[in-house]
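Numbering follows this note's numbering, with no gaps: position 186 of the sequence shown is 187.
The next block holds one structure in the form of structure tokens; read it before the comments.
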Amino acid sequence: MVLITLEGIDGSGKSTLFASLKHTLSDLRPVFTREPGSTWIGEQVRRAIAEEVDPVTEALLFAADHAAHLETVIRPALARGAPVISDRYTDSRYAYQWATLEGILPDPLAWLRAVHDGWTIPPDHTLLLVLPVEVALSRKIKAGKKEHFEEAPLLARVQEHYLHLAGEDPSRFVVMDAEKGEEELASFAEHVIREWCESSRSRRRR
Ligand code: TYD
Numbered sequence: 002m003v004l005i006t007l008e009g010i011d012g013s014g015k016s017t018l019f020a021s022l023k024h025t026l027s028d029l030r031p032v033f034t035r036e037p038g039s040t041w042i043g044e045q046v047r048r049a050i051a052e053e054v055d056p057v058t059e060a061l062l063f064a065a066d067h068a069a070h071l072e073t074v075i076r077p078a079l080a081r082g083a084p085v086i087s088d089r090y091t092d093s094r095y096a097y098q099w100a101t102l103e104g105i106l107p108d109p110l111a112w113l114r115a116v117h118d119g120w121t122i123p124p125d126h127t128l129l130l131v132l133p134v135e136v137a138l139s140r141k142i143k144a145g146k147k148e149h150f151e152e153a154p155l156l157a158r159v160q161e162h163y164l165h166l167a168g169e170d171p172s173r174f175v176v177m178d179a180e181k182g183e184e185e186l187a188s189f190a191e192h193v194i195r196e197w198c199e200s201s202r203s204r205r206r207r
């Protein structure tokens with residue numbers, strides 16, 4: 002069926018958009034899921050984030066969480082024909098861990114891709130929320146929530162990486178201006194996701 006992912010830096014409004022889609026797309030009966038944290042391995046990832054483990058360990062834990070997510074949620078849902086919508090997915094690793102592994106590995110993106118190669122399932126479509134880093138950070142500060150990823154220079158690199166990935170694969174990515182109003186973003190996302198689900202259904206009927 003169809004695998005759709007939502008991506009963006011912290012404070013991009015991704016989780017708000019995800020919550021709204023859960024409501025507006027419920028008639029399509031999609032599987033709504035997320036990374037990290039759809040299995041117990043996600044708890045270890047959260048611990049690793051909180052304790053600021055070394056970046057290679059952290060990257061491998063995120064990848065382990067992804068492997069478990071694929072086996073327990075993504076593959077079974079796709080096999081029974083359900084659309085899957087995931088709040089973060091492999092591009093989060095490519096964008097964030099590319100940044101955290103810079104200076105540690107010679108080519109973090111190539112390494113991250115090699116780690117996923119052969120077993121991950123690439124998304125069919127990805128909605129990427131983009132906004133100025135200062136705006137994203139001010140939203141997080143207002144909400145009183147900040148993790149170690151949420152420093153301006155790191156988030157700026159992460160967003161550059163997302164835009165690089167989108168530039169490499171323009172037919173998969175839809176880049177959204179996250180400074181637009183919540184309702185406008187939600188209705189645009191709902192509309193494109195309905196189209197993707199419909200065209201995947203008609204492909205299956207043929
Ligand atoms: P999460 O709590 O889900 O944050 P958000 O609500 O912003 O999506 O994710 C925790 C942090 O983990 C977030 O800063 C993004 C980061 N992250 C990675 O660095 N690599 C990854 O592969 C994933 C899935 C998340």
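Think of the CB as a built atom: it goes at the ideal place given N, C-alpha and C, for glycine as much as any other residue.
Only a predicted model underlies this, so the values are computations on that prediction, with no experimental measurement involved.
Within the same chain, Cβ atoms closer than 7 Å to the Cβ of Cys198 are found at Val3, Leu29 and Pro84, the five residues on either side in sequence being excluded. If you draw a straight line from the Cα of Pro109 to the Cα of Thr58, it comes to about 14 Å. Separation of Leu61 and Leu113 (C-alpha to C-alpha, rounded to the nearest whole angstrom) is 9 Å. Excluding its 5 nearest sequence neighbours in each direction, Thr25 has C-beta neighbours in its own chain below 6 Å: Glu191, listed in chain order. Annotation: the continuous beta strand (DSSP E) that includes Thr6 extends over Leu4 to Gly9. Between Tyr97 and Val159 a beta carbon distance of about 5 Å is seen, short of the 8 Å cut, so the two are scored as contacting. For the 8 Å CB-CB criterion, Thr40 and Asp66 form a contact.
Here Thr17 has Glu183 as same chain residues with Cβ atoms under 7 Å from its own Cβ, once five neighbours each way along the sequence are excluded. Val131 and Leu166 do not touch by the CB rule: their CB atoms are close to 12 Å apart, not below 8 Å. Leu22 sits close to Ile86, with the two beta carbons spaced by under 8 Å. Here the alpha carbon of Arg81 sits roughly 14 Å from the alpha carbon of Ser201.
Taking the Cα positions, Val175 is about 10 Å away from Leu7.
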